[in-house]
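Each remark here refers to the structure printed beneath this line.
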Amino acid sequence: MSEIHVPRQFRGPPISANGGYISGLLAKAVGGRGQAMLRALIPLDADLALQPGEDGAVTLLGLEGQPIGSARPALATELPEPPTPPSIEAARAAQEGSVFAKRPLHRGCFSCCVEREDGEGLGVHVGQVEGAPEGQCAGLWTPHANFADADGTVPDEITWAALDCPGSMCWHIKTNGHAGLLGSMVGEVLERPRAGQTYVVSAWTQESEGRKFFSGVALHDADGKLLARGNQIWIARAPTPPPAAG
């Protein structure tokens, strides 16, 4: 892979790629298990060059040749040990009770927008799991056949996208505050999910440092088998300074 091209369908913010989707593409470029870092909004409908670096790393270059993202291979020790996932029924109850069941975290977002057509977006959203620590959330995802390869399994970048917004949602649910934009994600897909099957998406808050908010995310099948996992860092927007007096 020497270039990355993100069609507009896979947007997050209105003029930029979905953070999880582009992170999954970058991780694929370094072998699958990787840490992706996003330095700027990623242009849509553009051929962006991937520049190889040392030790298997890559740098994503913007339209002017400037670095806008990067990825490196990751170690298993950099990935979380997810909490025991809730049952399908408990995850469905958490999802249905979520504020994001009626209004998306980001309108139009490929990952979370519930207003997009089935098979055109993912519509993944999570809610607080009853009886779990505050900020431990879950929901369901049934991959659409539109996103599957010929063998019926879903490419890794789609799974990374499904795990994207839940990591921000759990912070919103815990603090009633917005965690901002995805800054980095380290993850891996252990087994590709299959179109038409229902999976549990889990997200939980970790620590925070200033404007950085740390989340864990995971995907399990109905029997509790771990299929994918990741750690995320979300960067909150800097507060707007008050207008100057006079």
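Residue numbering for the sequence shown follows the numbering used here, starting at 1223 and increasing by one per position. C-beta: ideal position from N, C-alpha, C; glycine also.
Item                                                                                                                                     : Value
For glutamate 1413 and proline 1365, the rounded distance between their alpha carbons                                                    : 14 Å
Every unbroken alpha helix (DSSP H) inside the region 1387–1417 [4 residues or more]                                                     : 1388–1397
Length of the line joining the Cα atoms of leucine 1297 and leucine 1404                                                                 : 20 Å
Threonine 1381, DSSP secondary structure in three states                                                                                 : helix
Separation of glycine 1278 from threonine 1462, as counted between CA atoms                                                              : For threonine 1462, the predicted model reports a pLDDT of 46, less than 50, meaning its position is unreliable and no value from the coordinates is stated.
Contact test: asparagine 1240 Cβ vs the ligand SAH heavy atom, cutoff 8 Å                                                                : This structure lacks the ligand SAH, and indeed carries no ligand of any kind.
Extent of the continuous beta strand (DSSP E) to which isoleucine 1264 belongs                                                           : Run containing isoleucine 1264: none; DSSP gives neither H nor E here.
Contact set for serine 1224: own chain, Cβ-Cβ below 8 Å, skip 5 residues either direction                                                : Ala1271 and Leu1272
Contacts around cysteine 1335, its chain only, beta-carbon distance under 7 Å, and the 5 residues preceding and following it disregarded : Pro1326, His1328, Arg1329, Gly1343 and Gly1345
Contact under 9 Å by Cβ, leucine 1385 with alanine 1425                                                                                  : yes
C-alpha distance - glutamine 1317 paired with alanine 1360, whole-angstrom precision                                                     : 7 Å
Alpha helix (DSSP H) segment containing leucine 1248, residue limits                                                                     : 1241–1251
Arginine 1314: first and last residue of the uninterrupted alpha helix (DSSP H) it sits in                                               : 1310–1318
Integer-rounded CB distance, given that isoleucine 1264 should sit under 8 Å from serine 1238                                            : 5 Å
Anticipated Cβ contact below 8 Å, leucine 1248 with arginine 1451, distance rounded                                                      : Not a contact, Cβ separation roughly 17 Å.
DSSP three-state assignment for glutamate 1276, whether helix, strand or coil                                                            : helix
Residues of its chain near arginine 1261, where Cβ-Cβ distance is below 7 Å and the 5 sequence neighbours each way are ignored           : Pro1289, Ile1290 and Gly1291
Cutoff 8 Å; reference alanine 1372; Cβ partners in own chain excluding five residues on either side                                      : none
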